[in-house]
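This report concerns only the one structure given below.
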Amino acid sequence: AQRVTQPEKLLSVFKGAPVELKCNYSYSGSPELFWYVQYSRQRLQLLLRHISRESIKGFTADLNKGETSFHLKKPFAQEEDSAMYYCALATDSWGKLQFGAGTQVVVTP
Amino acid sequence: NAGVTQTPKFQVLKTGQSMTLQCAQDMNHNSMYWYRQDPGMGLRLIYYSASEGTTDKGEVPNGYNVSRLNKREFSLRLESAAPSQTSVYFCASSADRDLTGYTFGSGTRLTVV
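Protein chains in written order, with our numbering: chain R, 1352 to 1460; chain Z, 5 to 117.
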C-alpha cells in the first residue's frame, strides 16, 4: 500500500540554521512527489515538485529512490519559513495525492 | 482570480444534523477533491471527481456523499453529522494529470457537538 511518512511532528530551528524535513514513502510504481506548505491563516499551496527539480524560496528536495525518500532542505532558515509542511505522493493516473501527517516548522530569531 | 472558493468558512452542527459544504473553481479544471485535515493525520482524501459526472471514494468516505454538479462545482454532504467529523475540510482542484499540483480552497472548519 502507498504510504507517506513524515517522522517529525515539530521542528524548531534558529534563524540562519539549516533545516531538513524528512519524508519517506512506500510505493510500488514510479513516484511523483510534492511538498506543500501552509502558512498561518493561509491555504495550502504547492512549494515544489520533484519532477521540476527546482528551488523555491531557497528550498530544495531530492528524490532518492534507493532510500525511498524526498527530504526537504534549506541551508539557512528564515522566520517566514515557519509553517506546516506536507509531503505528498501522487498515487495514480488521476493525480490523487496521498499526504503525510505534516511537520510544523518553527523558526526562532 | 478566485481559484477555489469554499463556503462556509466555519460551521457548528449538532450531532445528527445535516449540511452541505460547497466548492467551486474557476480554472476549468477537470479534477476536484475533498480532503479532511486532522492533527497528526495530515490530509485524508474523502472523495474525488476525475471529471464532470463522475465521483469516486477516497480513503475515508464513510458518512459523506458528494455531487459533481457541473465542471465548476463539487459539493460534500454530511447527512447525519457525528463528532468524529469535526475537522477542517479542504476542497482542491487540478487539471488532468497535472504535475503542477493542486489548487486548494481556504478550508471549512466544522465542529460537531
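Note that CB positions come from ideal geometry on N, CA and C, so glycine has one too. Note that this is a predicted model, so its numbers are computed, not measured.
Own chain, CB closer than 7 Å to residue i, minus 5 neighbours either side, in chain order
{"i": "Val116/Z", "result": "Leu17, Thr19, Ala85, Ala86, Pro87, Gln89, Thr90"}
{"i": "Thr1419/R", "result": "Asn1375, Tyr1376, Ser1377"}
{"i": "Val1458/R", "result": "Val1364, Lys1366, Ala1428, Gln1429, Glu1430, Asp1432, Ser1433"}
{"i": "Gln1353/R", "result": "Ser1377, Tyr1378, Leu1440, Thr1442, Gln1449"}
{"i": "Pro65/Z", "result": "Ile50, Tyr51"}
Partner residues on chain Z for residue i, Cβ-Cβ distance less than 9 Å
{"i": "Gly1380/R", "result": "The contacting residues do not exist; Gly1380/R stays about 14 Å from chain Z at best."}
Contact set between residue i and chain Z, taken where Cβ atoms lie within less than 7 Å
{"i": "Phe1450/R", "result": "Gly46, Leu47"}
{"i": "Gly1453/R", "result": "Gly46"}
{"i": "Phe1385/R", "result": "Gly105"}
{"i": "Lys1425/R", "result": "Near Lys1425/R there are no residues of chain Z at all, since even the closest Cβ is about 19 Å away, more than 7 Å."}
Span separating the alpha-carbon of residue i from that of residue j
{"i": "Ser1432/R", "j": "Gln1357/R", "result": "The identity of residue 1432/R in the sequence shown is Asp, whereas the question assumes Ser. Straight-line Cα distance between these residues: approximately 18 Å."}
{"i": "Val92/Z", "j": "Ser35/Z", "result": "20 Å"}
{"i": "Gly67/Z", "j": "Glu1359/R", "result": "31 Å"}
{"i": "Tyr51/Z", "j": "Gly1367/R", "result": "41 Å"}
{"i": "Ser1381/R", "j": "Lys1416/R", "result": "9 Å"}
{"i": "Arg72/Z", "j": "Ala54/Z", "result": "10 Å"}
{"i": "Arg1394/R", "j": "Ser110/Z", "result": "5 Å"}
{"i": "Ile1402/R", "j": "Gln21/Z", "result": "44 Å"}
{"i": "Asn69/Z", "j": "Trp38/Z", "result": "11 Å"}
{"i": "Thr59/Z", "j": "Asn74/Z", "result": "12 Å"}
Under 8 Å by beta carbon: chain Z residues contacting residue i
{"i": "Tyr1437/R", "result": "Gly46, Leu47"}
{"i": "Lys1447/R", "result": "Tyr37, Leu49, Tyr52, Gly62"}
{"i": "Lys1360/R", "result": "Gly44"}
Own chain partners of residue i with C-beta closer than 6 Å, once the 5 adjacent residues on each side are dropped
{"i": "Asp30/Z", "result": "Ala6"}
{"i": "Ser97/Z", "result": "Val8, Gln29, His33, Met36, Thr107"}
{"i": "Lys1425/R", "result": "Val1370, Gly1409, Phe1410"}
{"i": "Glu1405/R", "result": "Leu1399"}
Integer-rounded CB distance, given that residue j should sit under 8 Å from residue i
{"i": "Leu1397/R", "j": "Tyr1387/R", "result": "6 Å"}
{"i": "Gly105/Z", "j": "Phe1385/R", "result": "6 Å"}
{"i": "Gln10/Z", "j": "Leu114/Z", "result": "Their Cβ separation, rounded to whole angstroms, is 11 Å, which puts Gln10/Z and Leu114/Z out of contact at 8 Å."}
{"i": "Gly44/Z", "j": "Ala1452/R", "result": "6 Å"}
{"i": "Gln26/Z", "j": "Phe94/Z", "result": "With 8 Å as the limit, Gln26/Z and Phe94/Z do not qualify as a contact, their Cβ atoms being about 13 Å apart."}
Under 8 Å from the C-beta of residue i: neighbouring residues of chain R
{"i": "Gly111/Z", "result": "Arg1394"}
{"i": "Phe14/Z", "result": "Under the 8 Å cutoff, chain R gives no residues; its nearest Cβ is about 13 Å from Phe14/Z."}
Residues that residue i contacts on chain R, provided the C-beta gap is smaller than 9 Å
{"i": "Phe78/Z", "result": "In chain order: nothing, as chain R lies at least about 14 Å away."}
Contacting residues, own chain, Cβ-Cβ under 8 Å from residue i (five flanking each side not counted)
{"i": "Asp1362/R", "result": "The displayed chain sequence assigns Leu, not Asp, to residue 1362/R. Hits under 8 Å: Val1370, Leu1372, Thr1454, Gln1455, Val1456, Val1457."}
{"i": "Lys13/Z", "result": "Ser110, Gly111, Thr112, Arg113"}
{"i": "Lys1447/R", "result": "Ala1441"}
{"i": "Pro1460/R", "result": "Phe1365, Lys1366, Glu1430"}
Listed by chain order, chain R residues near residue i by CB distance under 7 Å
{"i": "Phe94/Z", "result": "Leu1395"}
query = Is there contact here, the segment 73 to 82 of chain Z with the segment 1431 to 1448 of chain R, by at least three beta-carbon pairs under 8 Å?
reply = no
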